[in-house]
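Enquirer: Could you have a look at this structure, given as structure tokens, before my questions?
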Amino acid sequence: MPHIHNLPEELLASIFRELEPIRSFNVDAQGPEENIRRSENKARVRSLKSLCLVSRQYSRIAVPVLYSALILAGTRVHRTNRLAAYSRAALRRPWLRECLLYVEQLHDEPAEPPKGPNWYNIHASRPFDELLRPLVERVHTLRDEFYAWDGRDAQHHSQLALTILMAPNIAHLTIYVTEDVVPYFCDFAGFHVPRNDERLNFHEYAQLETLCLAPAYDDWNTNRDRPCGSISWRNVAKTLQCLPKLKNFQLSGPSFHEDDLPTPVTLANLQTINMHGTNLMIGQLATLAAGCKSLTELYVQWGSWNFSETDLELQHLLNPLLPLKESLEVLSILPGLRSVFSYCESQPMLRLDPFGCLRTLHIIDFLLLGTIPFEYPHSGNEWGCFRPPLRIVQCLPVSLEVLFIIEKHKKLNDNAAVLWDFAEDLPLLPKLSLVYLEIVRKAQDVTKLTARFEEQGVSLSTETDARYFASIRAGRYSRFRQF
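Residues are numbered in this note's numbering as their position in the sequence shown, beginning at 1, plus a constant of 173.
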């Protein structure tokens, strides 16, 4: 076997690329799984750095891989220093700017970082030297206040701003979108609503394929006047149209201006949308769906029910999506729970059967099963004898393979007649193999139902894939992990 030094550079590069850090597409990166990912990424970064020290050949091959995935790990000071090191290296070696394809900001900064001296003053911030002065001055011309604090949060934000500014080939960008925290990341993505109503973009993001934007919840989920409390859907639509290669878009948590009119968009390449904790209006969702000709995955979770009285029928949630019935493969539709109970007394079952390509469905029980009429006696065992006017299989497409039901409205257990009817009708869904029933109340037995489902060749589980439920609620999409 030839020595590794004698291998072609193309093969060495492919080997080194296996050390690229594991990417995260979860805007709420928490829990033991995320901790394992971060630890693994630290080890990979150390390995890449070691390879750079072996020889000039290894350094030439490993350095682009090292900078192609910028993982901001460790303490805030370490992240700031790593960003500063990249900025200096990229200024001395301009080709490094082309190598940065992935920027991920870990979301653990406080909502109100401390303010310090204006960071365009080089002497006020030690990590910035004369080499960075042209970039600093360029950014400073766009904002009167661009703060940094030596070794603190605001300096990290400012340094990250420079990094994004210097990287024209970013293909994946995961950042906080904040109005009150410099350097105004809304400006980078075009989502900020400045007083002159102009969009500020440092470059066109021509290579961007995945965009994950998460707000600082303490800023955006308040009742303060805009722009701190909400963003312009019109600006979002315009920005998305300026990203020619965008395939995956996630926006978590913000409130859109209620007076925004639906803005038509044309997004030919967009394949996945995740709107998590949003108040997106029905009209805005309709125009968004109508412009997505290639959309295959849609995740919408409303943080509040912000619709008019004419939109209270749950079927209105699906009407805007009908243009996607020939392409949509994954659908997760979760209305705001707190406000649902205030009006959802008697609603029909959603008709999903027109979506002939749908493979995976993630839905709350009352959207799929309908709701028990208000006048029906509520004894705690309503599903034991009540049957909706339609059977579940009549509302599902025959293409369905995986079904997730979140039990939020009424008790679903072995006494639920609607589920026994579903078990008897399973042969009508020949591709269905998995049904996950997330039961939030304890001591609900589904042993008999599970056995009946298995007899029909379908697995019924309430705990097998609990981590998936958690990731869906947090806004993580499973397909992104494969990138």
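By construction, the Cβ of each residue, glycine as well, lies at the ideal position given by its N, Cα and C atoms.
Look at phenylalanine 528 and leucine 494 and say whether their C-beta atoms are less than 9 Å apart.
Expert: Yes; because the gap between Cβ atoms is below 9 Å, this pair is in contact.
Enquirer: State the DSSP-derived secondary structure class of threonine 620, mapped to helix, strand or coil.
Expert: Residue state, collapsed to three classes: helix.
Enquirer: Distance, Cα to Cα, lysine 466 vs leucine 576?
Expert: Between lysine 466 and leucine 576, the C-alpha separation is close to 25 Å.
Enquirer: With the cut-off set at 9 Å, would you say cysteine 568 and leucine 531 are in Cβ contact?
Expert: Against a cut-off of 9 Å, the Cβ pair of leucine 531 and cysteine 568 comes out as no contact.
Enquirer: For the alpha helix (DSSP H) containing valine 503, name the first residue and the last one.
Expert: Not the alpha helix (DSSP H): valine 503 falls in the beta strand (DSSP E), residues 503-507.
Enquirer: Which one of Val503, Leu416, Glu191, Thr469 has the shortest CA to CA distance from isoleucine 343?
Expert: Nearest C-alpha to isoleucine 343: Leu416.
Enquirer: With DSSP as the reference, label isoleucine 565 as helix, strand or coil.
Expert: The answer is helix: DSSP assigns isoleucine 565 an H, G or I state.
Enquirer: Name, in chain order, the residues that DSSP records as bridge partners for asparagine 447.
Expert: Its beta-bridge partners are Gln423, Tyr472.
Enquirer: What separation, rounded to the nearest whole angstrom, lies between the Cα atoms of proline 496 and threonine 451?
Expert: Straight-line Cα distance between these residues: approximately 22 Å.
Enquirer: Go ahead and pull the three-state DSSP assignment for valine 438.
Expert: Note: valine 438 maps to coil in three-state DSSP.
Enquirer: Can you give the Cα-Cα distance for proline 341 and asparagine 421, rounded to whole angstroms?
Expert: Taking the straight line from one Cα to the other gives about 18 Å.
Enquirer: Just the C-alpha distance for leucine 507 and isoleucine 455, rounded to the nearest angstrom, thanks.
Expert: Those two C-alpha atoms are separated by around 14 Å.
Enquirer: Consider the C-beta atom of leucine 495 and the heavy atoms of the ligand ADP; say whether any pair is separated by less than 8 Å.
Expert: Among the components modelled here there is no ligand, and therefore nothing to report on the ligand ADP.
Enquirer: Going by DSSP, what residue range makes up the beta strand (DSSP E) through valine 631?
Expert: Taken as a continuous stretch (DSSP letters only), valine 631 belongs to no beta strand (DSSP E), as it is neither H nor E.
Enquirer: Quick one, which of Trp406, Glu597, Leu346 has its alpha-carbon nearest alanine 379's?
Expert: Minimum Cα distance to alanine 379 is reached at Leu346.
Enquirer: Relative to the C-alpha of serine 228, which residue among Leu185, Met448, Leu264, Leu192 is closest?
Expert: Ranking Leu185, Met448, Leu264, Leu192 by Cα distance to serine 228 puts Leu185 first.
Enquirer: Spell out the partners DSSP gives valine 575 in its beta bridges.
Expert: Valine 575 pairs with Thr533, Leu607.
Enquirer: Between the alpha carbons of glutamine 660 and glutamine 444, how many angstroms are there, rounded?
Expert: Within the shown structure, residues of the chain are numbered from 174 to 656, placing residue 660 beyond reach of any answer.
Enquirer: Give me whichever residues DSSP pairs with threonine 383 in a beta bridge.
Expert: Threonine 383 is bridged to His345, Asn421.
Enquirer: Note down, in chain order, each residue of its chain lying with its Cβ closer than 6 Å to the Cβ of serine 632, except the 5 sequence neighbours on either side.
Expert: Once the five neighbours on either side are set aside, the close Cβ partners of serine 632 are Leu607.
Enquirer: Look at isoleucine 209 and leucine 224 and say whether their C-beta atoms are less than 9 Å apart.
Expert: No.
Enquirer: For alanine 463, which residues of its own chain have a beta-carbon under 7 Å away from its beta-carbon, when the five flanking residues on both sides are left out?
Expert: For alanine 463, where only same-chain residues beyond five positions count, the Cβ hits under 7 Å are Pro496.
Enquirer: Would a C-beta distance cut-off of 9 Å place asparagine 214 and proline 194 closer than the cut-off?
Expert: Cβ distance < 9 Å, so asparagine 214 and proline 194 count as in contact.
Enquirer: Taking arginine 190 as part of the alpha helix (DSSP H), name the residues at either end of that continuous run.
Expert: First-last of the alpha helix (DSSP H) with arginine 190: 182-190.
Enquirer: Roughly how far, in whole angstroms, is the beta-carbon of threonine 439 from the beta-carbon of glutamine 414, given that I think they are within contact range, below 8 Å?
Expert: Right, the Cβ-Cβ distance comes to about 6 Å (below 8 Å), so this counts as a contact.
Enquirer: Going by beta-carbon coordinates alone, are aspartate 598 and valine 619 separated by less than 9 Å?
Expert: Result no, Cβ atoms of aspartate 598 and valine 619 do not sit closer than 9 Å.
Enquirer: Residues in its own chain within less than 8 Å of phenylalanine 626 by CB, not counting five upstream and five downstream?
Expert: Closer than 8 Å at the Cβ level, and outside the excluded window around phenylalanine 626, lie Ala596, Leu599, Val608, Ser632, Leu633.
Enquirer: If you draw a straight line from the C-alpha of tyrosine 231 to the C-alpha of glycine 630, how long is it?
Expert: Whole-angstrom Cα-Cα distance: 53 Å.
Enquirer: For the alpha helix (DSSP H) containing isoleucine 455, name the first residue and the last one.
Expert: From DSSP, the alpha helix (DSSP H) with isoleucine 455 extends over 455-463.
Enquirer: What is the DSSP secondary structure of aspartate 594, reduced to helix, strand or coil?
Expert: DSSP places aspartate 594 in helix when its eight states are reduced to three.
Enquirer: Return the CA-CA distance between leucine 147 and leucine 269, expressed in angstroms with no decimal places.
Expert: In the structure displayed, the chain extends from 174 to 656; residue 147 sits before or after that span and is not available.
Enquirer: I want to see whether chain C comes within less than 9 Å of cysteine 225, judged by CB atoms only; does it?
Expert: The structure shown contains no chain C; it is built from a single protein chain.
Enquirer: Using the Cβ count rule (16 or more neighbours within 10 Å means buried), how would you classify glutamate 470?
Expert: It is buried - the Cβ of glutamate 470 has at least 16 other Cβ atoms within 10 Å.
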